[in-house]
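Reading through the structure tokens given below for one structure.
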Amino acid sequence: MPVWPEVAILSVIMSNDSLLTENAVIDALRTVNDPELHQDLVSLGMVNQVAIDGGKVAIKIDLTTPACPLKGQIESDVKAAVDKLPGVESIEVSFGSQVRAAQQTDLPGVKNIIAVASGKGGVGKSTVAANLAASLALEGASVGLLDADIYGPSQAKMFAVEGKRLMADNDKNIIPLKNYGVKLISIANLVEDGQALTWRGPILHGTLSQMLKQTVWGELDYLIIDLPPGTGDVQLSLSQLVPVTGAIMVTTPQDVALLDVRRAYTMMRKTHIPVLGVIENMSYYQLPDGSRDYIFGEGGASTLAEQEKIALLGEIPVTRHVRESGDRGKPVVVADPESAEAQALRSAARVLAGQVSIQNLMTLPVV
Ligand SMILES: Nc1ncnc2c1ncn2[C@@H]1O[C@H](COP(=O)(O)OP(=O)(O)OP(=O)(O)O)[C@@H](O)[C@H]1O
Ligand SMILES: [Mg+2]
């Protein structure tokens, strides 16, 4: 019996095995696009490591944020592409993260500055800012929160650091407070209650500048700024003080709130702050049977997002749990991370992180 056909088959297997090289895997990864950034993983510099052991392939991908909303999809796309290579027996995909920095923030160590704005007061901007900051920290990002609502600060209460005085280091820089993994600074911890109410113009500008630039933030992936409502002095000062990576707009579904948020949106555009998306807070009330009661109207923010071509980051239900957690000094994403309202806020934080990565990619200098 001639044996040559078996030898031929063996040599095909051997030559297939020899095709399984790091370069072949990297070439396969060139066909996988980041679903949000629409560029391939290799060009984006996201492939950290490829290791081959016989037919076993181990790949480490560096996401552009630990709060990546599309990690699952990236994993399955990578596996599908690499699985096509001959000789592959198993594929292991692990993830790290490397948050991309905005081109410029003017604050050493701070990669991204994100302002949380609204047209109207009382729409839940501070609640959303607190929960977004705590969510990003839960995902493993390094996060700071600056309460820029000089006249009505609320973050010290939401983070249970009321009454704690801020201390300075030897260089007279402010050391931020910290809770739930978030570094925090608020006027409430700097001056007596009510003292800031009379501040206008230069004093306000100077104080905001000090809080931003003379705080020892250390390394931060995201610095969230809780703005006062509307389109006043603080918003203008902020845009003059630092290059803001982007703003998010918080609104409730009522027509009046939407009208005001459009005004705030226009102001952001005029001050050259990119708008990363809109969050609709108090969107609906969840009824016991699981259906939703859109008490303030339905679909307002999503229409705004569509018209202005910005992302709808999330729709957050109105619940007793959200309010009580805030009042008790523990944002709901920390107090009850698996609850429906916490999941909505945590998802919004991931979408936001994705939008920051997109924004940074769009503003990369052309080389
Ligand atoms: N999704 C929600 N469900 C229930 N209560 C909420 C929700 N969001 C915010 N609240 C409550 O609404 C009130 C106003 O919220 P918050 O202080 O965050 O608004 P704001 O827009 O920052 O207000 P201001 O304009 O005064 O700064 C708070 O009591 C808060 O707990
Ligand atoms: Mg507020």
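Going by our numbering, the first residue of the sequence shown is number 759, and it counts up by one from there. Where is the CB? At the ideal position from N, CA and C, for every residue including glycine.
(request) Measure the beta-carbon distance from L787 to V851 and round it to whole angstroms, keeping in mind my assumption that it falls under 8 Å. (result) In this structure L787 does not touch V851 by the C-beta definition: roughly 11 Å separates them, more than the 8 Å allowed.
(request) Hey, could you find the ends of the alpha helix (DSSP H) M1120 is sitting in? (result) From DSSP, the alpha helix (DSSP H) with M1120 extends over 1098 to 1120.
(request) Please confirm whether any heavy atom of ligand 2 lies closer than 7 Å to the CB of K878. (result) For ligand 2, not one heavy atom lies less than 7 Å from the Cβ of K878.
(request) Could you please give the first and the last residue of the uninterrupted beta strand (DSSP E) stretch that includes K818? (result) 814 to 821
(request) Starting from the N-terminal side, write out each stretch of the beta strand (DSSP E) that is 3 residues or longer and does not extend beyond the segment 870 to 928. (result) The segment 870 to 928 contains these whole beta strand (DSSP E) runs: 871 to 876, 901 to 905.
(request) Give the secondary structure of N937 by DSSP, where H, G and I count as helix, E and B as strand, and everything else as coil. (result) strand
(request) Return the CA-CA distance between L768 and I817, expressed in angstroms with no decimal places. (result) Residue placement at L768 cannot be trusted, given a pLDDT of 36 that sits under 50; what the coordinates show is reported in the next sentence. The alpha-carbon atoms of L768 and I817 are separated by roughly 28 Å.
(message) Let's see if you can read the secondary structure: which residues bound the alpha helix (DSSP H) around D1085?
(response) For D1085, the enclosing alpha helix (DSSP H) covers residues 1078 to 1085.
(message) Looking at the secondary structure, which residues open and close the alpha helix (DSSP H) in which L981 lies?
(response) Not the alpha helix (DSSP H): L981 falls in the beta strand (DSSP E), residues 980 to 984.
(message) Run through the DSSP bridge pairs and tell me what I810 is partnered with.
(response) V815
(request) Could you check the C-alpha separation between L1056 and A1107 for me, to the nearest Å? (result) What sits at residue 1056 in the sequence shown is Glu, not Leu. Computed Cα separation, rounded: 22 Å.
(message) Three Cβ pairs or more, each shorter than 8 Å: is that satisfied between the segment 781 to 796 and the segment 818 to 838?
(response) yes
(request) Might you give, ordered along the chain, the residues of its own chain that have their beta carbon closer than 7 Å to the beta carbon of K829, omitting 5 neighbours on each side? (result) L821, F853
(message) Nearer than 7 Å: is that true of the beta carbon of M1025 relative to any heavy atom of ligand 1?
(response) Ligand 1 has no heavy atom closer than 7 Å to the beta-carbon of M1025.
(request) Compare the Cα-Cα distances from A875 to each of D1047, G1112, P1075, T1009 and report the closest residue. (result) T1009
(request) Just tell me which of D1094, K1088, A1111 has its CA closest to the CA of G1072. (result) The shortest C-alpha separation from G1072 is found at A1111.
(message) Following a CB-centred definition, is N781 positioned closer than 7 Å to any heavy atom of ligand 3?
(response) As for ligand 3, it is missing from this structure, which binds only ligand 1 and ligand 2.
(message) Classify N781: buried if its beta carbon has 16 or more other beta carbons within 10 angstroms, exposed otherwise.
(response) exposed
(message) Please determine whether the Cβ atom of G910 lies at a distance below 7 Å from any heavy atom of ligand 2.
(response) yes
(message) Pop quiz: N947 and V974 are said to be a contact at Cβ under 8 Å. What is the actual Cβ separation, rounded to whole angstroms?
(response) The pair is not a contact, with the Cβ atoms about 14 Å apart (cut-off 8 Å).
(message) In whole angstroms, give me the CA-to-CA distance for Q862 and G880.
(response) About 32 Å.
(message) Based on DSSP bridge pairs, tell me the residues matched to G1035.
(response) According to DSSP, which records beta bridges pairwise, G1035 is partnered with I1006, A1069.
(message) Please classify N1118 as buried or exposed, where buried requires at least 16 other C-beta atoms within 10 Å of its C-beta.
(response) buried
(message) Can you give me the C-alpha to C-alpha distance between P1075 and G813, rounded to a whole angstrom?
(response) 48 Å
(request) Give a yes or no on whether the C-beta atoms belonging to G877 and M1040 are separated by under 8 Å. (result) no
(request) Please determine, among I908, V846, Q913, G959, the residue with the shortest C-alpha to C-alpha distance to G952. (result) I908
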